[in-house]
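Take 12 as the starting number for the sequence shown in the numbering used here and just add one per residue. From the three backbone atoms N, C-alpha and C, an ideal C-beta is built for every residue, glycine too. Remember, predicted model here, so these are calculated numbers, not experimental data. Below is one structure, written out as C-alpha cells, with a few remarks after it.
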Amino acid sequence: MPGLVMEDIHRFSWRLVGMQVLGFGGYFFFFFFAMLTSAAWRITATPEGLRVRTAFQARTVPWEDLTRAEAKVGSLILTQCGGKRVTVGYTVFRRVRPMAAEITTLIREPALRPIV
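Now the structure itself:
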C-alpha cells in the first residue's frame with residue numbers, strides 16, 4: 012500500500028493492545044467496585060436509631076427523624092422529616108422490599124425497637 016510504513020503498523024498494534032488491556036482493566040475495576048459497594052452496606056437497628064453503613068461512610072439516623080422507608084429498584088430510601096432522604100445505594104444480593112417493610116414497621120411501632 013502506498014504511504015504505509017511497517018513501523019506505523021507496529022505502533023498502531025501496540026496502541027490497540029494497550030487500549031484493550033486498559034479497557035479490560037477498567038471494566039474489571041468497575042465490576043469489582045460495584046460488587047464492593049453493593050456488598051458492603053448494612054443497616055442495624057439500635058436504640059438511638061438506624062445505623063446505616065455503606066462502603067465509605069457510617070451514620071446513625073435518629074428514630075424521631077425517620078418517617079418511612081421505601082424500596083426502589085436496586086436501592087433503599089429512608090425518608091426523614093423535612094423531606095430529606097438517605098439513600099442506601101445499589102444493592103445486588105439483598106431483597107430490598109422486605110427490609111423496607113421491616114424498617115417502616117419499626118418506625119411506626121416504637122415498642123418493637125431494640126432497647127438497651
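Residue 91 is bridged by DSSP to 77. Counting every other CB atom within 10 Å of its CB across the protein chains shown gives residue 126 a total below 16, marking it as exposed. Within the model, the alpha-carbon separation for residue 111 versus residue 99 is close to 11 Å.
Residue pairing by DSSP places residue 63 opposite 54, 70 in a beta bridge. With fewer than 16 other Cβ atoms from the protein chains shown falling within 10 Å of its own Cβ, residue 36 counts as exposed. A distance below 6 Å between beta-carbons, with the five flanking residues on each side excluded, links residue 123 to the following residues of its chain, in chain order: 117. Each residue's CA atom was taken as its position, placing residue 74 and residue 55 some 12 Å apart. Buried is the label assigned to residue 60, since at least 16 other Cβ atoms lie within 10 Å of its Cβ. As the crow flies, the alpha-carbon of residue 40 is around 15 Å from that of residue 66.
Between the beta-carbon of residue 82 and that of residue 108 there is about 4 Å, and that keeps the pair under the 8 Å contact cut.
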